[in-house]
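Colleague: Chains as they are written, first to last, in this note's numbering: chain A, 589 to 847; chain B, 589 to 847.
Mind having a look at this structure? Questions to follow.
Number of protein chains: 2
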Amino acid sequence: MNQQPDPDKRLPSRRIADDLRSSIESGDLPAGGKLPSERDLAARYGTARNTAREAISILQSEGLVVAQHGRGVFVRPRMPLMRLGANRYSRRLRAETGLSPFRIEVMKQGRTPRTECRSVTKEQPPADVADRLGLAPQTSVVRRENWYFADDEPVQFGVTYIPVNVAGDSPLASEKTLGKGSIYARFEELGYPITRIREEISARMPNPEEITGLGMPPGVPVIEVVHTSLDAQHQPFEVTRFVMRGDLNGLDYDMPVED
Amino acid sequence: MNQQPDPDKRLPSRRIADDLRSSIESGDLPAGGKLPSERDLAARYGTARNTAREAISILQSEGLVVAQHGRGVFVRPRMPLMRLGANRYSRRLRAETGLSPFRIEVMKQGRTPRTECRSVTKEQPPADVADRLGLAPQTSVVRRENWYFADDEPVQFGVTYIPVNVAGDSPLASEKTLGKGSIYARFEELGYPITRIREEISARMPNPEEITGLGMPPGVPVIEVVHTSLDAQHQPFEVTRFVMRGDLNGLDYDMPVED
DNA sequence: CGGTCCAGCTGGCTTGAGCCAGTTTGGCCC
DNA sequence: GGGCCAAACTGGCTCAAGCCAGCTGGACCG
């Protein structure tokens, strides 16, 4: 399985990166530990500083280390993932705890959850969303943008699209705060109990807005979830596009195998 | 939402990257299109070649472009995602088509599917797998390693762990080819119909083995799925860890909201 | 006409230098 | 002791230059 049997045939930058990587994987460099400085590495390996720098940038792109200006380069501590499951839509969970599953997950980690509705507007949805809602392309919908924090650090956001004939003039269409039981309780009151969901999941690198908005460290992907809620008649009544930090979030589905 | 109102306050490398990015997003540079050469960009912006190079490496790390030695740098064509859903375990689908859902997905894209069982061994499972199977840490299990290709390009692999008392001396324990209906048909014959699944999903950057094994382009994450199969008594009888190329795969779950 | 080969393109990687901007630390002064 | 400040670290980014290696097309030769 080795691709480079002779260790000195490797490029200098690769060699340095490989050495550091194995130190990290072996635990020699513990999580949170500090790597040698760029100038130090360069001297040790007899290379230019730029080469040591290149090695570190390889590890950064692998998500193994984070650099802090003026302080050093550190092994990225692996934060426990928030495990968000399909049960986040469970009616019982809503009723029993009165808390959203996001809040429960965050508190489970001893951190302080916060959610923030950043805007509620009426807009034309993106084509793929209109498609999922079964709407004509130009129909306008209610757009709600929510951000989710743990200890005031942003960990994910979601943009929800609701057809205007579903939201009507309920709080969903205008209010930022939706009260106890959160959004799915409101949908249920309007005659749209959530009975089925569809979740389309993909992973990719964040774009610049996501990098600044979520404070993404370099070398960390996002998980994108396009969620569609279906009512008792299996009609879609809401679509939300979630974008989550891949280093802080995971998804956990537990479901029956149908048919 | 702009973070840098003055376009010339930006760093040169950022500026070049931003310009190229918006050309890509606007469609000026179409998917598959060729970017100006490094030397060309450097001359145009009056910077050193290294700076143009840095700009391109930013776009690479965002997964927007891919460089080909000696040819140029190209806008990464967005391959359609393979949408692997929970229905991949459906008994009906198995029966009706006789094809695995992977094959169906790949053929739907007009590509040629191939799967390859690379090894079948008996080993001690990783701790987290033993845990999910409800086994004592040192118990050994059958380990099956499968690779999945589209047009002979690797797109994902999975490592399956089966307790020895489940596999017995069936083909599962030793044979690389499992015959019609694939692995879940065999489980069913052994008295383990798959009735529930748990899938734990995360995203991260690939490690070096995954990069070479899957031929990962730079700037593309992997999706990792830890799948657990449960029988009629809700007992786990199999765990598979899938690793998929994030640029070629997506997950698509359609499920009831329980409780 | 057909094949070969090479010039001139491409990116890949490194060097060594310099300047800037954060952070830390220790000594100095009050 | 307390506060301040400067030196000595850290990474961030750029420059200018050079050599290597893969690719391509056109000129040239048979």
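Note that beta-carbon positions come from the ideal geometry of N, C-alpha and C, so glycine has one too.
Mind reading off the beta-carbon distance from Val-730 of chain A to Val-752 of chain A? Whole number of angstroms is fine, and I expect it under 8 Å.
Modeller: 6 Å
Colleague: Say whether the stretch 799-812 of chain A touches the stretch 706-714 of chain A, bearing in mind that this needs 3 or more beta-carbon pairs closer than 8 Å, one atom from each stretch.
Modeller: With a cut-off of 8 Å, the stretch 706-714 of chain A and the stretch 799-812 of chain A do not count as touching, because too few Cβ pairs lie within range.
Colleague: Could you give the residue range of the alpha helix (DSSP H) that holds Arg-632 of chain A?
Modeller: 626-633
Colleague: Using DSSP bridges, identify the partner residues of Asn-837 of chain B.
Modeller: Asn-837 of chain B is bridged to B:Met-670.
Colleague: At a Cβ threshold of 8 Å, is Gly-647 of chain A touching chain B?
Modeller: Note that residue 647 of chain A is Leu in the sequence shown, not Gly. Contact of Leu-647 of chain A with chain B is not assigned, every C-beta pair being separated by 8 Å or more.
Colleague: Measuring CB to CB, does Ala-791 of chain B end up less than 8 Å from Ala-791 of chain A?
Modeller: Taking C-beta atoms as the reference points, Ala-791 of chain B and Ala-791 of chain A count as a pair closer than 8 Å.
Colleague: Where does Ala-724 of chain B sit, in a helix, a strand or coil, going by DSSP?
Modeller: coil
Colleague: With H, G and I counted as helix, E and B as strand and the rest as coil, what does DSSP make of Thr-703 of chain B?
Modeller: strand
Colleague: Rounded to the nearest angstrom, how far is the Cβ of Val-743 of chain B from that of Asn-837 of chain B, given a contact under 8 Å?
Modeller: 6 Å
Colleague: Report the rounded CA-to-CA distance for Tyr-841 of chain B versus Leu-669 of chain B, giving the unit in angstroms.
Modeller: 14 Å
Colleague: Which complete beta strand (DSSP E) runs does the stretch 802-831 of chain B hold, if anything under 3 residues is left out?
Modeller: 810-818
Colleague: What is the DSSP secondary structure of Glu-733 of chain A, counted as helix, strand or coil?
Modeller: DSSP, reduced to helix, strand and coil, places Glu-733 of chain A within a strand of the structure shown.
Colleague: Chain B partners of Arg-784 of chain A, CB-CB under 9 Å?
Modeller: Asp-842, Met-843, Pro-844, Val-845
Colleague: Taking buried to mean at least 16 other C-beta atoms within 10 Å of its own C-beta, is Pro-595 of chain B buried or exposed?
Modeller: For Pro-595 of chain B, the predicted model reports a pLDDT of 46, less than 50, meaning its position is unreliable and no value from the coordinates is stated.
Colleague: Taking 8 Å as the threshold (C-beta atoms), are Phe-775 of chain A and Ile-782 of chain A in contact?
Modeller: Closer than 8 Å, so yes.
Colleague: Going by DSSP, name the residue or residues bridged to Gly-756 of chain A.
Modeller: None; Gly-756 of chain A has no bridge partner.
Colleague: If the cut is a Cβ gap below 8 Å, which residues of chain A does Leu-669 of chain B touch?
Modeller: Ser-790
Colleague: From the beta carbon of Met-589 of chain B, is the nearest beta carbon of chain A less than 8 Å away?
Modeller: Residue placement at Met-589 of chain B is flagged as unreliable, the pLDDT there being 38, under the threshold of 50; the coordinate-derived value follows with that caveat. Closer than 8 Å to some Cβ of chain A, the Cβ of Met-589 of chain B qualifies, so yes.
Colleague: Within 10 angstroms of the Cβ of Glu-777 of chain B, are there 16 or more other Cβ atoms? Answer buried if so, exposed if not.
Modeller: exposed
Colleague: Can you give me, in chain order, the residues of the stretch 657-684 of chain A that have a beta carbon less than 8 Å from any beta carbon in chain B?
Modeller: Leu-669, Arg-671, Ala-674, Asn-675, Tyr-677, Ser-678, Arg-679, Arg-680, Leu-681
Colleague: With respect to the beta strand (DSSP E) encompassing Ile-789 of chain A, which residues constitute its N-terminal and C-terminal limits?
Modeller: 784-792 is the extent of the beta strand (DSSP E) around Ile-789 of chain A.
Colleague: List the endpoints of the continuous alpha helix (DSSP H) containing Ala-683 of chain B.
Modeller: 679-685
Colleague: Looking at chain A, which residues of the stretch 797-816 of chain B have a Cβ within less than 8 Å of any of its Cβ atoms?
Modeller: Of all residues in the stretch 797-816 of chain B, only Glu-797, Thr-800, Pro-806, Gly-807, Val-808, Pro-809, Val-810, Ile-811 come within less than 8 Å of chain A when Cβ atoms are compared, listed by chain position.
Colleague: Contact criterion: CB-CB distance below 8 Å. Does Leu-617 of chain B meet it with respect to chain A?
Modeller: Judged by the 8 Å Cβ criterion, Leu-617 of chain B is not in contact with chain A.
Colleague: Determine, for Met-793 of chain A, whether the minimum Cβ-Cβ distance to residues of chain B falls below 8 Å.
Modeller: yes
Colleague: Say whether chain B places a C-beta atom closer than 8 Å to the C-beta of Leu-766 of chain A.
Modeller: no
Colleague: Per DSSP, Glu-711 of chain B is paired with what?
Modeller: B:Val-729
Colleague: Are any of the Cβ atoms in chain B nearer than 8 Å to that of Leu-839 of chain A?
Modeller: Answer yes: the Cβ-Cβ gap between Leu-839 of chain A and chain B drops below 8 Å somewhere.
Colleague: Would you list the one or two residues that DSSP bridges to Gly-746 of chain A?
Modeller: A:Asn-734, A:Phe-830
Colleague: DSSP three-state call for Gln-656 of chain A: helix, strand or coil?
Modeller: strand
Colleague: Going straight from the alpha carbon of Asn-795 of chain A to that of Pro-759 of chain A, what length do you get?
Modeller: 32 Å
Colleague: Look up Glu-741 of chain A in the DSSP assignment and give the residues it is bridged to.
Modeller: In the DSSP output, where bridge partners are listed per residue, Glu-741 of chain A has A:Ala-738.
Colleague: Closest to Thr-765 of chain A by CA distance: which of A:Arg-702, A:His-822, A:Ser-678 is it?
Modeller: A:Arg-702
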